[in-house]
Amino acid sequence: MEPKLSGINTLALSIFEINKEKGFWDKERNIGEMLMLVTSELGEAMEAHRKGKFANWENFEKDKFNINENSAFQNHIKDSFEDEIADAVIRLLDMSAGLGINLEKQIEAKINYNKTREKLHGKKY
Numbered sequence: 001m002e003p004k005l006s007g008i009n010t011l012a013l014s015i016f017e018i019n020k021e022k023g024f025w026d027k028e029r030n031i032g033e034m035l036m037l038v039t040s041e042l043g044e045a046m047e048a049h050r051k052g053k054f055a056n057w058e059n060f061e062k063d064k065f066n067i068n069e070n071s072a073f074q075n076h077i078k079d080s081f082e083d084e085i086a087d088a089v090i091r092l093l094d095m096s097a098g099l100g101i102n103l104e105k106q107i108e109a110k111i112n113y114n115k116t117r118e119k120l121h122g123k124k125y
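Numbering (the numbering used here), first residue to last: 1 to 125.
What follows is the structure, encoded as structure tokens:
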């Protein structure tokens, strides 16, 4: 039975379809490589945060009409902390859809399970 596509599953499927069109799924994907690419995006997010590089949405909104949206994105959003976090999430969603994981169902089940766990899940931090 096909999973109900709504919310995060719909977003994941959309990302997957775009990436299929761009050739990322033309051959079988290596799971380890896909996971390490998520990790690399998180490392880039850490570096952007360390450098104080954050998205400037106010300037983006101004410039997207004055120059063009792609240039405004490159000038004010690209490689920022927020952009790198988005890259990591996009990679996870793409992988999940490509592997047929129903993230919505999985996340809901995990949230419900975590509600039953003790404070800090029994750890010090």
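Note that CB positions come from ideal geometry on N, CA and C, so glycine has one too.
Query: Beta-carbon proximity list for Ser71, same chain, < 8 Å, skipping 5 on both sides; Result: Asp63
Query: Three-state secondary structure (DSSP) of Ala88; Result: helix
Query: Alpha carbon of Lys123 to alpha carbon of Asn66, nearest angstrom; Result: 52 Å
Query: Own chain partners of Phe54 with C-beta closer than 6 Å, once the 5 adjacent residues on each side are dropped; Result: Ser80, Phe81
Query: Pair within 8 Å by beta-carbon distance, Glu84 and Glu33; Result: no
Query: Rounded separation between His49 and Leu35 - CA only; Result: 21 Å
Query: Cβ-Cβ distance between Asn9 and Leu103 below 8 Å; Result: yes
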